[in-house]
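Numbering (this note's numbering), first residue to last: 3 to 246.
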Amino acid sequence: MKITVAKNEREFDCIAAWRIIGEVLNKYNCVIGLSTGRTTGNLHRLVGEIYIQYPFDVSGVTFFGLDEVTNVPREYVGACYTMLKTELIDTLHIKEENFLMLPTQADDFVKACKNFQLEIEKRGGIDLLILGLGENGHLGFNQPQSPFESETWVTQMDNRLEERIRRETNSSLEMRLGGVTLGIKNIMQARKIVLVAKGENKAEIVKKMLEGPVTIDVPASVLQLHPNCEFLLDDTSAAALTNR
Ligand code: GLP
Numbered sequence: 003m004k005i006t007v008a009k010n011e012r013e014f015d016c017i018a019a020w021r022i023i024g025e026v027l028n029k030y031n032c033v034i035g036l037s038t039g040r041t042t043g044n045l046h047r048l049v050g051e052i053y054i055q056y057p058f059d060v061s062g063v064t065f066f067g068l069d070e071v072t073n074v075p076r077e078y079v080g081a082c083y084t085m086l087k088t089e090l091i092d093t094l095h096i097k098e099e100n101f102l103m104l105p106t107q108a109d110d111f112v113k114a115c116k117n118f119q120l121e122i123e124k125r126g127g128i129d130l131l132i133l134g135l136g137e138n139g140h141l142g143f144n145q146p147q148s149p150f151e152s153e154t155w156v157t158q159m160d161n162r163l164e165e166r167i168r169r170e171t172n173s174s175l176e177m178r179l180g181g182v183t184l185g186i187k188n189i190m191q192a193r194k195i196v197l198v199a200k201g202e203n204k205a206e207i208v209k210k211m212l213e214g215p216v217t218i219d220v221p222a223s224v225l226q227l228h229p230n231c232e233f234l235l236d237d238t239s240a241a242a243l244t245n246r
């Protein structure tokens, strides 16, 4: 296992941004998966800032979002589509067809999941996946107890996130909110993964992920078995580790 501990948030964002840019420079038609949330916003913006200063060729690159919220408008500020677009995709002028997202709304989510997965496979599979970490150990919307053999599917979000989204979108209780996400099996098939976790609220789950058993109680613990996964932490998220 490769564990990198950044001294502070700036260094954390800088290392992560260069993992993405490095992949782009290395393979002009690479396929890169991104996660949304507080951990990744700044590192996405940093990739954009570097691009503006020192433009690099992104014409062949495919970016996709690991997961999406269901039954909200795609334009809602908390939808992964809109977050990724504003944080990175628009700055890099990525063409529409090279930005793959699961839909927020669909008549047939199962079919949409299948198509999404097929499109990634058609482009050669995932070269690099930047993965956020939920406080309960979730990866994407794969909550604890998700089977390790899951493939792109419709699942649940955690209650706190659901509450926030309901409030922000004024959605009625009849409207079922949830998440669509790459499954654990798809995640494990990525050629390279960088798991990013920062902040003291992640310290306990980082310890479980790295030092606990591999178990569906902590979905991210499966990454211990990935042959090419880097765990990028900051000083505070790494604080509870026994073997610093
Ligand atoms: C959400 C997203 C994940 C993200 C995770 C961590 O549930 N669906 O893709 O990785 O939360 O978010 P944060 O970085 O805000 O802690």
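Note that the Cβ used here is the ideal one computed from N, Cα and C, for glycine as well. Because the structure is a prediction, the values reported are computed rather than measured.
DSSP places residue 220 outside any alpha helix (DSSP H), giving it a letter other than H or E.
For residue 15, the enclosing alpha helix (DSSP H) covers residues 11-28. A distance below 7 Å between beta-carbons, with the five flanking residues on each side excluded, links residue 188 to the following residues of its chain, in chain order: 119, 153 and 154. For residue 151, the secondary structure class from DSSP, reduced to helix, strand or coil, is coil. About 19 Å separates the CB atoms of residue 134 and residue 193; that is not less than 8 Å, and the two are not in contact. A distance criterion of 8 Å places the beta-carbon of residue 137 in contact range of ligand 1, judged by its closest non-hydrogen atom. Its chain contains 171 as the residues whose beta carbon lies nearer than 6 Å to that of residue 78, once the 5 sequence neighbours on both sides are disregarded; these appear in chain order.
The three-state reading of DSSP puts residue 205 in helix, counting H, G and I together. Rounded to the nearest whole angstrom, the C-alpha separation of residue 44 and residue 132 is 13 Å. DSSP places residue 67 inside the beta strand (DSSP E), whose first and last residues are 64-67.
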